[in-house]
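Inspection log for the structure reproduced underneath, given as structure tokens.
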Amino acid sequence: MAGNIMLEVVTPDKSVVSEEAQIVVAPGEYGEFGVLIGHTSFLTTLKTGMLRYKDKGGSERAVFVSGGFAEVLPNKVTVLAESADRRRDIDVERARAAMKRAEQRIAEARTKEDIDARRAEAALQRAIARMKISERRAA
Ligand code: ATP
23 MAGNIMLEVV TPDKSVVSEE AQIVVAPGEY GEFGVLIGHT SFLTTLKTGM
73 LRYKDKGGSE RAVFVSGGFA EVLPNKVTVL AESADRRRDI DVERARAAMK
123 RAEQRIAEAR TKEDIDARRA EAALQRAIAR MKISERRAA
């Protein structure tokens with residue numbers, strides 16, 4: 023079926039993407055999935071990682087998503103996430119600092135009980151994903 027699909031990526035404090043896409047590829051909990059117009063409806067949780075889409079002009083776009091789920095309808099993909107950033111809005115230095123902080127916390131968690139290793143691990147995954155996305159050429 024020809025035509026674009028509407029893509030919305032929203033966090034509790036901002037609308038990150040609201041535009042038509044030719045295709046959307048998202049990091050589903052059970053593997054990456056691609057959506058074109060006319061896709062069967064479904065709902066899934068997402069892994070921390072990269073959502074990609076081709077905008078209506080054919081340019082590849084990359085978006086960081088974390089703590090989210092996606093609702094797929096035949097004409098629309100809605101992602102609700104705890105945090106999301108377009109590639110161009112990612113501050114690499116901030117991500118690098120977050121990565122170092124998380125690595126330090128993970129190391130300290132081995133000896134100190136008051137450090138939440140799981141939380142530090144999640145922060146590390148977010149930082150690594152942001153850094154990977156910002157290394158890509160897509161906007
Ligand atoms: P940090 O420790 O640097 O805050 P984090 O992974 O804990 O990183 P999140 O909880 O995912 O941050 O996001 C909090 C807010 O900060 C969100 O609005 C998110 O868009 C923004 N943010 C976090 N890291 C970056 C970054 N590297 N570049 C741009 N925005 C960021």
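The sequence shown runs contiguously to residue 161 in our numbering.
Glycine is no exception: its CB is placed at the ideal position from the N, C-alpha and C atoms.
Everything numeric in this text was worked out from a predicted model, so none of it was measured.
Excluding the 5 residues flanking it on each side, residue 49 has same chain C-beta neighbours closer than 6 Å at 68, 69 and 71, in chain order. The Cβ-Cβ distance between residue 151 and residue 64 does not fall below 7 Å. Under DSSP, residue 58 forms no beta bridge with any residue. Look at the beta carbons and you see the segment 94 to 108 touching the segment 53 to 64: at least three pairs across the two are nearer than 8 Å.
For the ligand ATP, a non-hydrogen atom lies closer than 6 Å to the CB of residue 105. A distance below 8 Å between beta-carbons, with the five flanking residues on each side excluded, links residue 114 to the following residues of its chain, in chain order: 152, 153 and 156.
Pairwise C-beta distances place the segment 116 to 124 out of contact with the segment 34 to 51, as fewer than three of them are shorter than 8 Å.
In the three-state scheme derived from DSSP, where H, G and I count as helix and E and B as strand, residue 136 is classed as coil. Secondary structure of residue 51 (DSSP, three-state): coil. Relative to the ligand ATP, the beta carbon of residue 152 is positioned inside 6 Å of a heavy atom. A distance below 7 Å between beta-carbons, with the five flanking residues on each side excluded, links residue 112 to the following residues of its chain, in chain order: 86, 152, 155 and 156.
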